[in-house]
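Notes follow the structure.
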Amino acid sequence: MASISTRIGNFTLENPVILASGILDETSGSILRSLKSGAGAAVTKSIGTEERRGYQTPVISEISTGLLNAVGLSNPGIDNFVEEYKGFPEKKRTIVSIFGGNTEEFVALAKRVEGAKFDKVELNLSCPHVRGVGSEVGQDLDMVEEIIAEIKGGTNLQVWAKLTPNVTDVVALAKAAEKADAYVLINTVRAIGVEIYSRKFALANIVGGYSGPGIKPVALRAVYDVYKETRKDIVGVGGITTWEDAIEFFLLGAKAVQVGTALLYEDYPIYSRINLGIANYLESEKFAKLGDIVGVMV
Amino acid sequence: MEHSRVIDMVKENKDVFTLKFDSTLTARPGQFLMIWVPGGREIPMSLSNLSSPPSITFRTFGETTKTLSQLKIGDRFYFRGPYGNSYPVPSGKVAYVAGGTGLASLNSMILTYSGDVFVGARTKEDLFLLGDGYHIATDDGSLGFKGTVIDMFAPHVNEYDYVFVCGPEPMVKALLDRVKGNARSKIYISLERLMKCGVGICDSCSINGFRVCKDGTIFSMEEVLRMTEFGVYKRTESGKIEFFTNGKR
């Protein structure tokens, strides 16, 4: 059987399918369920310095090509997070997503994550619907560079930078983030949903993030552009639902993929289904290992 | 998001209403809808009647349910769903055990499969959807048995082949503590947790990795006994752990 193991930075994964941040990852019990269901790794819901309730409902709206959401970075805050994850058995396979409004917040959060015995963080530089954090920070190239430099300088963490597609030049953004160990491309696309009979917005926050099959071509383009320019480790995310979707991302330079919205359609069997499909594809196309197809079209 | 029209609104008691809406939806007993008040919130609600027209039965406890209760016949009614699993088909002798607004969820089962119904409420003013021969418990003794519905029902659990339970988590916990997994009956419980998405992706309602909205809302007693968080703590809107204070219904 062809090998589907992969490596992101110094982290070796048994398989390349990772639970994306924001879906089924608010509770430690659900993170474990994904890992037991065949995910190679899992990313937590984004954690900030303080507890946040998030937006009022409706926080999601299903559309024919995917999902709109504005959950609003609800999270228990780093203190409660650290408390819940004391004794958590899967810290090596869990990447902690953090968000902040400035460099100091990011660095302080990263240090707490390292203190809690995790060794990887994903920087949420890309949530599209909360003021003052996420993509508002993630579009400031100088701040992105500074946040990553400070975390790399001040901790031993592996740093994954999750970048926003809501910019004109994603390559410039990637270059600002080049001290990261890996890029995660892409977060959701800024979007709005409309309900025509009530003439109201579909999400309480009006603006949300668009995910699911409809954004896959946008994500593929971002992965292609960034890989071509940087040749760095990339985790592809955006609309991946089937093993064929995952292969597309590998061919354009991703070494691993994340799935989120697809859990709505495929549920927990998705991990084993995609992994099996990747292995069969490598076998039938006569590749010995996953690495042999990474970036071959670029 | 689907929309239909309100065709009837029945005031069941001081703060419980049944809203009938014009829809041909097909749902199974125990399933729920996400109800939306345009410009306001979206909340989960059990279908209390699945026949055509279907209905929901709810207590007004906040702005959204209050707005809902003020809808007039002919007004638009927005929802998505039905979501969640359903109660299994019973055989033999059946009991229904309801607390809080749990009777709304059990009502469609009661209408389909006859059985003994045990209902608990704080006072007789809080009761609703009652039928002939229901066994009533009230905290203040204003009607029927004085005490909780669990106090009333627990001694009889082994008289039944199937027991269906819906009510607040501390009530269900009290039943499980009394039964301790030793009942001969098959016990199925519809759980209630804070829900945001209703479709199994936001993780707000998860208990030890079980999603109340998608893996449930109905679980077997054996599954619930495996949930070490059940009856011990719940999650707030932020996802923060909040411990239950004991014994409140």
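These protein sequences, in sequence, are chains H and W.
The working numbering numbers the first residue of the first sequence as 140 and each following residue consecutively.
The working numbering numbers the first residue of the second sequence as 14 and each following residue consecutively.
All C-beta atoms, glycine included, are put in the ideal place defined by N, C-alpha and C.
All values reported here derive from a predicted model rather than from experimental measurement.
Residue pairing by DSSP places D21(W) opposite K33(W) in a beta bridge. Residue range 55-62 is occupied by the beta strand (DSSP E) that includes M58(W).
Under the Cβ distance rule, V198(H) counts among the residues neighbouring chain W, one pair being separated by less than 7 angstroms. Below the 9 angstroms Cβ cutoff, chain W contributes M14, H16, P51, R89, Y91 as neighbours of Y336(H), in chain order.
Looking from the CA of R338(H), the closest CA among K33(W), Q44(W), Y91(W) belongs to Y91(W). Two segments are said to touch when three or more pairs of C-beta atoms, one from each, lie closer than 8 angstroms; by this definition the region 308-317 of chain H does not touch the region 333-349 of chain H. Closest in C-alpha terms to V374(H), from the list M140(H), L152(H), S142(H), comes L152(H).
Each residue's CA atom was taken as its position, placing R93(W) and I69(W) some 13 angstroms apart. When the beta-carbon positions are compared, E242(W) and I220(W) come within less than 7 angstroms of each other. Counting of Cβ neighbours within 10 angstroms places E255(W) among the exposed residues, the total staying below 16. When DSSP states are grouped into helix, strand and coil, T369(H) belongs to the helix group.
When beta bridges are read from the DSSP output, K199(W) appears opposite Y175(W).
Annotation note: the region 249-336 of chain H contains the following uninterrupted beta strand (DSSP E) runs of length 3 or greater, listed N- to C-terminal: 259-263, 297-301, 321-324, 328-331.
Inter-segment contact for the region 235-253 of chain H and the region 292-299 of chain H is present: three or more beta-carbon pairs are separated by less than 8 angstroms. Taking 7 angstroms as the cut-off, the beta carbon of G347(H) is found closer than this to the beta carbon of H268(H). Cα atoms of C210(W) and T249(W): separation of roughly 15 angstroms, rounded to the nearest angstrom.
Per DSSP, Q44(W) has no beta bridge partner at all.
Between V328(H) and the set K301(H), T196(H), E334(H), the nearest pair of CA atoms involves K301(H). By the C-beta density criterion, R232(H) is buried, having at least 16 other C-beta atoms within 10 angstroms.
Between the alpha carbons of V323(H) and K184(H) lies a distance of about 15 angstroms. Interface flag for P352(H) against chain W is unset, since no Cβ pair is found closer than 7 angstroms. If you ignore the 5 residues before and after N149(H), its C-beta comes within less than 8 angstroms of the C-beta of Q297, D320, all in its own chain and listed in chain order. By the CB criterion at 7 angstroms, G180(W) and G105(W) fall outside the cutoff.
For N221(W), the residues of chain H that pass the 7 angstroms Cβ criterion are G168, in the order they occur in the chain.
Using a Cβ distance threshold of 7 angstroms, A343(H) and Q195(H) count as a contacting pair.
Taking Y404(H) as reference, the option from P155(H), R370(H), I202(H), V198(H) with the minimal CA-CA separation is I202(H). Counting along the chain, F166(W) sits inside no beta strand (DSSP E); it lies in the alpha helix (DSSP H) bounded by residues 162-166.
Residue range 89-96 is occupied by the beta strand (DSSP E) that includes P95(W). Under DSSP, V107(W) shares a beta bridge with Y175(W). Under the Cβ distance rule, K230(H) does not count among the residues neighbouring chain W, no pair being separated by less than 7 angstroms.
Counting only residues of its own chain and dropping the five nearest sequence neighbours on each side, K256(H) has a CB closer than 7 angstroms to the CB of K230.
Just so you know, the alpha carbons of E244(H) and K259(H) end up roughly 17 angstroms apart. DSSP assignment within the region 353-424 of chain H yields the following whole alpha helix (DSSP H) runs of 4 residues or more, N-terminal first: 355-369, 382-390, 401-405, 409-423. P66(W) is a Cβ neighbour of K33(W), given a cutoff of 7 angstroms. The C-beta distance from T80(W) to D28(W) rounds to 14 angstroms, too long to meet the 8 angstroms contact threshold.
The contact set of D164(W) on chain H, defined by CB atoms closer than 8 angstroms, is empty, because the minimum CB distance reaches about 31 angstroms.
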